[in-house]
Amino acid sequence: MSDFWPAVYALIPSVGVGILFYFAMRAIVRADRNERLAMAELDARAEQAELRAQASGDSSTTSR
Numbered sequence: 001m002s003d004f005w006p007a008v009y010a011l012i013p014s015v016g017v018g019i020l021f022y023f024a025m026r027a028i029v030r031a032d033r034n035e036r037l038a039m040a041e042l043d044a045r046a047e048q049a050e051l052r053a054q055a056s057g058d059s060s061t062t063s064r
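If you're matching positions, the sequence shown starts at 1 in full-length UniProt numbering and goes up one per residue.
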């Protein structure tokens, strides 16, 4: 039993670095997911604006 605690103490830094790595990667993945969602929303808004512009341009040319 005298060898147990030194082994545990030797593993603590590795476990700590593993936990930090987990949280860092989790933050990166979440940031990427949120950025992709924001870009998709921005693209959808731009596409809607383009469609509205085309529709208003088409209706103005047909009413002449």
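Don't be surprised by glycine CBs; every beta carbon is placed ideally from N, CA and C.
Rounded to whole angstroms, what is the Cα-Cα separation between L37 and I28? Translated into the one-based positions of the sequence shown, residue 37 becomes position 37. Translated into the one-based positions of the sequence shown, residue 28 becomes position 28. Each residue's alpha carbon lies about 14 angstroms from the other.
### Task
Could you pull out every residue in the same chain whose Cβ sits closer than 6 angstroms to the Cβ of I12, ignoring the five residues on either side in sequence?
The residue given as residue 12 occupies position 12 in the sequence shown. Nothing listed; no residue qualifies.
Helix, strand or coil for M1? Go by DSSP, reduced to three states.
As a position in the sequence shown, residue 1 is number 1, starting the count at 1. M1 falls in the coil class under three-state DSSP.
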